[in-house]
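Note that UniProt numbering gives residue 64 to position 64 of the sequence shown, counting from 1, and the numbers run on in steps of one.
Each residue gets a CB set at the ideal place from its N, CA and C atoms; glycine is no exception.
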Amino acid sequence: MLNQLYLRRQIFNHVSSIHKQLEIETVKVSSLYTLVDYIQYGSNDLFFKHIDQLWRMMFTDGRYRNDHSHRLTRILSAAICFNNYRVLEYLLNRIKREISPFQMTIRIDFIDSCHGEDSAEDIYCHGETNIYCLNPKVFNLLIDDSIFIESNRLLNRMVKTAILVFGDVDIIRELFGRYNLSNLIDLFRQYEPIDCGLPTMIKDLFNKKTDTELIQLYNVVTKLNKMIDKETQGNIRMYALVYNRLNLIKHASQGKKKWKPKISPFLFSPYASKNIQENERKKEIIKIDYWDDYSYYYDDQGLMDKINNGADIEYVRYIFSPQTTDMNDSQNINLKMQEQDYFAKALASGSEQVVSFVLDAAMTANINLYKRVYKAVSALNTILASELVRILLLVVNAGHYHFAMKYLDTMPQMVPSYQKSSIEILFNLYFDLVKKDRQSKQEDIDQFQDYQQLANKILDLVPTKKRFEIIYYAKELTDEEFNILWVRFSIESNVEFWLDDPSKDHNNFMYDKNFFNHLQRLYRLYQQDQLDEYQYIKYPMNPPPFDIEYIGIWNQC
Numbered sequence: 001m002l003n004q005l006y007l008r009r010q011i012f013n014h015v016s017s018i019h020k021q022l023e024i025e026t027v028k029v030s031s032l033y034t035l036v037d038y039i040q041y042g043s044n045d046l047f048f049k050h051i052d053q054l055w056r057m058m059f060t061d062g063r064y065r066n067d068h069s070h071r072l073t074r075i076l077s078a079a080i081c082f083n084n085y086r087v088l089e090y091l092l093n094r095i096k097r098e099i100s101p102f103q104m105t106i107r108i109d110f111i112d113s114c115h116g117e118d119s120a121e122d123i124y125c126h127g128e129t130n131i132y133c134l135n136p137k138v139f140n141l142l143i144d145d146s147i148f149i150e151s152n153r154l155l156n157r158m159v160k161t162a163i164l165v166f167g168d169v170d171i172i173r174e175l176f177g178r179y180n181l182s183n184l185i186d187l188f189r190q191y192e193p194i195d196c197g198l199p200t201m202i203k204d205l206f207n208k209k210t211d212t213e214l215i216q217l218y219n220v221v222t223k224l225n226k227m228i229d230k231e232t233q234g235n236i237r238m239y240a241l242v243y244n245r246l247n248l249i250k251h252a253s254q255g256k257k258k259w260k261p262k263i264s265p266f267l268f269s270p271y272a273s274k275n276i277q278e279n280e281r282k283k284e285i286i287k288i289d290y291w292d293d294y295s296y297y298y299d300d301q302g303l304m305d306k307i308n309n310g311a312d313i314e315y316v317r318y319i320f321s322p323q324t325t326d327m328n329d330s331q332n333i334n335l336k337m338q339e340q341d342y343f344a345k346a347l348a349s350g351s352e353q354v355v356s357f358v359l360d361a362a363m364t365a366n367i368n369l370y371k372r373v374y375k376a377v378s379a380l381n382t383i384l385a386s387e388l389v390r391i392l393l394l395v396v397n398a399g400h401y402h403f404a405m406k407y408l409d410t411m412p413q414m415v416p417s418y419q420k421s422s423i424e425i426l427f428n429l430y431f432d433l434v435k436k437d438r439q440s441k442q443e444d445i446d447q448f449q450d451y452q453q454l455a456n457k458i459l460d461l462v463p464t465k466k467r468f469e470i471i472y473y474a475k476e477l478t479d480e481e482f483n484i485l486w487v488r489f490s491i492e493s494n495v496e497f498w499l500d501d502p503s504k505d506h507n508n509f510m511y512d513k514n515f516f517n518h519l520q521r522l523y524r525l526y527q528q529d530q531l532d533e534y535q536y537i538k539y540p541m542n543p544p545p546f547d548i549e550y551i552g553i554w555n556q557c
């Protein structure tokens, strides 16, 4: 019948007429939940407009009585839960004005409606819901001496607020004493995400309290609450690590051996560097996050950003270093690096960031770490061979010579066509250092660096089977400088084989007069070696092949 528009209009018109005839005042509120909505969304003007009508409906003589206090439970709970301290203050002041002179206490029960609980002290007692802090202004209204809280859950929230938001040991003692509290749960963990209005309460607490005050706070709570469990220890450790309050960790770990955490000696060692301590903090935070399965909201001030992005090379390098004795840490990181999405966020901005990340790995001079990073990153992004050559230059410039040698050994599997370019770079570095050595001797300049020794180190970076090729490039060296290379590599070289297919080795080689003179030097030295060994030319050498590149050589042979 109500689906018929005409009939519905007739019914409600008659109902309105009956109300007028009986002088029944119409209350334009569909239910109690409408006022709860006003409280939740901060529509305080609408709430104050309707509360008088509702008040007269709830109380027979229009005045509050404690035996009817349950009628206000949902409204008071909504004001507490949704942090509407203006409505809560209005309700409490009105109750104080109307209460009987023989009723000195306002009794408040609580339903945690904003976190999904409709009643349920039984659910709270089993610890199946999170305990959230109260808004500071709401909290200050509830600790009034004339108010008595009947809800265990609300008391738990008040104590947690006193600890994490105010850090006031006197208020904490008063709450435990007045309500005879013990074994409260979840007192040292912040749940509130950013949109709940209290995202920085832990940070603020640690910023305003000294180590001594934090230790005093911890002692008071654990003594009164008579409850120190593994979860409590985990919470204390997490925040102390994040905000670098290591003395609190040391003190908290002196409790029952059952819950005593393993603490790295590097965290407290006066000889540990700042980087070591920072990496140890990161390691412990990751361990709590991943293995203790806790959820935390905290402002780590950027400490964990790179780790969360998968791009903290310094941390990964530390985990793989001999300083870290826990093999599980390196295994866990290695497993994470094999996941496809581990580096996705860190490298989302494109190829330049990828190259920079691989360069960071190379600069650790740890070849095993570099291989892991390169393998993981190259599965997501293609790295140009020219970029790998550029990385080699920077590695050599940083003085990581032994790493550069191993780096070159990995390049044939990665980019075969670019290995030659890398080797040519090292050869040119060798020649440049030899030239500097010659100039310093000619100008009689004191050398702060033995250029010849450094040049030899650069040459040692070239894979062993390719080092002899430097004699083909050494056209700018004097005879004396070249003889050092000739004595070392002449047995391995084969100038005829090289000349047969020059494009294979020298895509951009300049066949100028210096090259021809150098080639003639090579022929002459081959002949002299045979004369020294056999007293005659035992293995005659063919002239250069008849290719246009060598046409000038024929004029000199």
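Chain-order list of residues whose beta-carbon lies under 6 Å from that of residue i (same chain, five-residue window excluded)
i	result
residue 644	This structure cannot settle anything about residue 644, because the visible part of the chain is limited to 1 through 557.
F148	T105 and R107
H14	none
Residue i: first and last residue of the uninterrupted alpha helix (DSSP H) it sits in
i	result
F148	No alpha helix (DSSP H) holds F148; the beta strand (DSSP E) holding it covers I147 to I149.
I80	T73 to C81
I249	L246 to A252
Y179	V169 to Y179
I131	Run containing I131: none; DSSP gives neither H nor E here.
Y90	Y85 to E98
D186	Unbroken run through D186: none, as it is neither H nor E.
Y374	I367 to S378
T464	T464 -> no alpha helix (DSSP H), and no H or E assigned at all.
F206	M201 to K208
A385	A385 to N397
Q528	K513 to Y534
N219	D211 to N225
V159	N152 to T161
F427	Q419 to Q442
Burial state of residue i (16 or more Cβ within 10 Å)
i	result
K538	exposed
A362	buried
D118	The predicted model places D118 with a pLDDT of 42, which falls under 50 and marks its position as unreliable, so this point remains unresolved.
M104	exposed
V441	In the sequence as displayed, the identity of residue 441 is Lys instead of Val. Per the 10 Å Cβ criterion, exposed.
R107	exposed
E492	exposed
F12	exposed
A162	buried
E469	buried
Q190	buried
S273	exposed
D312	buried
L369	buried
R9	exposed
N542	exposed
Y6	exposed
R524	exposed
Residues near residue i by beta carbon distance below 7 Å, same chain, minus five either side
i	result
Q277	F266 and L267
K457	Y401
D109	H70, T73, E150 and S151
T232	F188
Y409	The sequence as given places Asp at residue 409; Tyr does not occur at that position. Only P463 meet the Cβ criterion.
Q528	none
A398	M363
K250	F268
S421	V389
Start and end residues, beta strand (DSSP E) containing residue i
i	result
I491	Unbroken run through I491: none, as it is neither H nor E.
I108	I106 to I108
Residues near residue i by beta carbon distance below 8 Å, same chain, minus five either side
i	result
Q452	L433, V434 and D437
D512	none
L248	D211, L214, I215, Y218, I236 and A240
Y536	Q530
Rounded Cβ spacing between residue i and residue j (contact assumed at less than 8 Å)
i	j	result
K425	L392	Checking the sequence shown, residue 425 turns out to be Ile, not Lys. Confirmed, Cβ separation roughly 7 Å.
E89	L141	6 Å
Y318	N279	4 Å
L359	L394	6 Å
I143	I171	7 Å
I75	L46	Not quite, the Cβ-Cβ distance comes to about 14 Å (not below 8 Å), so this is no contact.
C81	D112	6 Å
I423	K466	6 Å
Quiz item: So, do the stretch 216-225 and the stretch 261-270 have three or more beta carbon pairs nearer to each other than 8 Å?
Solution: no
Quiz item: Is the stretch 458-476 in contact with the stretch 514-525, if contact means three or more CB pairs nearer than 8 Å?
Solution: Segments in contact, yes.
Practice problem: Examine the Cβ distances between the stretch 91-99 and the stretch 151-168 and report whether three or more of them are shorter than 8 Å. | Solution: no
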